[in-house]
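K.L.:
Residue numbers (our numbering): 14 to 119.
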C-alpha cells in the first residue's frame, strides 16, 4: 500500500515514479495484462515498495501507474527492464514518465 510506504518517513526518503499511459483503442485488456506481468517482475527487485495502475473514469484509454521506491531502492533500469517496459509501450499511443521525491507528508 502506498500509505505504508510513506508512513513516518523523513522528506526525500522515497522516490515515486509516475507514468501517464495513453493506450491504443482496443488494446486495453492486452495493456492491463502486460503491465501486470511487468509490475510482478519489477516487484521482485529491492526497494520496490508499491506498484499500482489506475484508469481514468472519464477516458478509458488513459491509465496512470505509480511506483513507490524506498531509499535503498533504485529507479535505474535493471537488465531486461527496457525490453519489458517496451512491451507495455508497444500497446500505447503515448506514454510519459517522471520521477518525484517526497517533500511533505502529513
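We put the beta carbon where it would ideally sit given N, CA and C, even for glycine.
If you measure between the beta carbons of residue 37 and residue 96, is that distance less than 7 Å?
P.N.:
Contact: no.
K.L.:
Spatial neighbours of residue 79 within its chain, please: CB distance less than 6 Å, with the 5 preceding and 5 following residues excluded, ordered by chain position.
P.N.:
Excluding positions up to five away in sequence, the list reads 31, 65.
K.L.:
For the beta strand (DSSP E) that residue 116 lies in, which residues bound it at each end?
P.N.:
From DSSP, residue 116 is part of no beta strand (DSSP E); its letter is neither H nor E.
K.L.:
According to the Cβ coordinates, are residue 83 and residue 60 closer than 7 Å?
P.N.:
In this structure, residue 60 lies closer than 7 Å to residue 83 by Cβ.
K.L.:
Could you have a look at residue 91 and say whether DSSP puts it in helix, strand or coil?
P.N.:
Three-state DSSP puts residue 91 in coil, outside helix and strand.
K.L.:
In terms of alpha-carbon separation, which member of 56, 63, 81, 74 lies closest to residue 35?
P.N.:
The residue with the shortest Cα to Cα distance from residue 35 is 74.
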